[in-house]
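In my numbering, the protein residues as written are 22 to 424.
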């Protein structure tokens with residue numbers, strides 16, 4: 022068998038070719054371990070990576086856009102909430118200002134007196150206007166009574182009508198002047214003595230009722246007499262109502278003015294001598310002692326027990342060192358006020374002044390606003406250190422809130 026008769030798979034390799042293959046393989050094996058051989062990308066892979074990078078950047082841009090949009094929305098929400106809170110605060114402050122103004126108008130004596138004067142003037146004008154209508158109606162009725170039915174319109178007819186209005190004016194003008202005087206007295210805060218003018222009113226009103234109803238009563242026409250009596254009767258009712266209202270307004274104005282004068286007198290109490298007297302003797306000033314003793318001396322007889330206890334309390338107060346009580350209140354943290362301010366409050370309270378009067382006096386002296394609740398707390402805590410409650414008018418409310 023010759024080599025040519027063998028199949029290709031059984032043919033022997035050419036040694037020279039094998040040697041060349043071995044040399045090539047020996048050169049390729051080290052290169053196969055180089056990572057760059059596998060990491061090198063084709064053109065298609067490079068294009069794919071570029072597309073992926075573009076997509077990733079687009080997604081991150083969208084994410085940043087959503088983040089920025091969320092931050093802007095959050096800032097807008099915070100601004101809306103802040104604006105809403107500012108608006109609420111503004112409305113609250115406006116409401117509080119209006120409430121304080123309403124309270125001032127409702128509690129200030131000058132505002133109360135002014136409101137009473139305004140209401141008195143308005144009610145007087147309204148009633149006088151209505152009474153003017155009634156008197157005009159009554160004048161027309163008197164004109165019909167004085168003018169004969171068979172007379173033709175002419176100088177006599179017009180003269181009778183003018184005379185009827187003149188007669189009614191003779192009655193109505195004094196009535197209106199009486200009402201004006203009563204209204205003026207009410208605005209000035211003076212009471213009107215109705216006993217002095219009731220005779221004039223009765224005479225004038227009797228005259229107008231007679232002029233309106235007299236002719237019909239003489240003829241026996243009671244229905245027409247009742248019809249013509251409506252105007253003068255309503256005038257009488259309005260006059261009585263006007264008199265009552267003017268008297269009532271005068272009483273209210275006098276009451277408010279008296280209260281205002283009392284408050285001003287309390288507010289003008291001179292507290293300066295008190296500092297120089299209680300420091301050296303440990304006793305209240307003489308004018309405060311006299312006021313306290315006079316108050317308990319003039320109490321009603323049906324309150325004898327209160328007199329005894331009040332006198333004992335005053336005696337105890339006069340013998341105590343108010344400075345010691347005030348210093349204890351400050352040292353124990355029971356009050357944030359100064360020792361001098363506490364001593365002033367206790368001195369005023371020892372005279373029997375209530376918390377409102379004490380707060381008013383302290384506000385006038387110090388120039389700062391003192392509340393009744395603060396005075397109540399200071400007095401209540403001073404009681405715990407030996408300061409007694411003096412007089413039936415002193416109102417004490419104890420709590421744990423710092424004064």
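Using N, Cα and C, we set each Cβ at its ideal position, and we do this for glycine too.
In the structure shown, the three-state DSSP call for residue 74 is helix. Ranking 58, 134, 185 by CA distance to the CA of residue 157 puts 185 first. Going by C-alpha positions, residue 376 is about 9 Å away from residue 395. Residue environment analysis places residue 145 among the buried positions, since at least 16 neighbouring C-beta atoms fall within 10 angstroms of its C-beta.
By the Cβ rule, the region 236-256 does not count as touching the region 127-147, because fewer than three pairs are nearer than 8 Å. Between residue 195 and residue 220 the beta-carbon gap is near 12 Å, outside 8 Å, which marks them as no contact. For residue 399, the closest alpha carbon among the candidates 363, 387, 388 is that of 363.
For the pair residue 365 and residue 383, the CB atoms are nearer than the 8 Å cut-off.
Taking all protein chains in view, the Cβ of residue 58 is surrounded by fewer than 16 other Cβ atoms within 10 Å, so the residue is classified as exposed. Counting along the chain, residue 144 sits inside the alpha helix (DSSP H) bounded by residues 130-167. For residue 53, the enclosing alpha helix (DSSP H) has its first and last residue at 36-53.
Judged by beta-carbon spacing, residue 198 lies beyond the 8 Å limit of residue 229, meaning their Cβ atoms are not closer than that value. Per DSSP, reduced to three states, the secondary structure at residue 61 is coil, with no helix or strand assignment. Residue 256 is not a Cβ neighbour of residue 191, given a cutoff of 8 Å. Taking 8 Å as the cut-off, the Cβ atoms of residue 166 and residue 232 count as close. Residue environment: residue 346 is assigned as buried (16 or more neighbouring CB atoms within 10 Å of its CB, all protein chains considered). For the set 139, 179, 163, 125, the Cα lying nearest the Cα of residue 270 is the one of 139. When DSSP states are grouped into helix, strand and coil, residue 242 belongs to the coil group. In the displayed model, residue 406 falls within coil according to three-state DSSP, outside both helix and strand. Under the three-state reduction of DSSP, residue 389 is assigned to coil, being neither helix nor strand. Per DSSP, residue 368 is one residue of the alpha helix (DSSP H) stretching across 360-371. Here residue 236 has 166 as same chain residues with Cβ atoms under 8 Å from its own Cβ, once five neighbours each way along the sequence are excluded. Judged by DSSP in its simplified three-state form, residue 227 adopts helix. Residue burial is scored here from C-beta neighbours: residue 372 has at least 16 other C-beta atoms within 10 angstroms and is therefore classed as buried. Rounded to whole angstroms, the separation of the alpha carbons of residue 61 and residue 50 is 18 Å. Of the other Cβ atoms in all chains shown, 16 or more fall within 10 Å of the Cβ of residue 380; this residue is therefore buried. With a threshold of 16 other beta carbon atoms within 10 Å, residue 244 falls short and is exposed.
Cα atoms of residue 155 and residue 182: separation of roughly 17 Å, rounded to the nearest angstrom. Each residue's CA atom was taken as its position, placing residue 226 and residue 276 some 33 Å apart. At a Cβ-Cβ threshold of 8 Å, residue 367 and residue 406 do not count as neighbours. Annotation: residue 357 is outside any alpha helix (DSSP H) and is labelled neither H nor E by DSSP.
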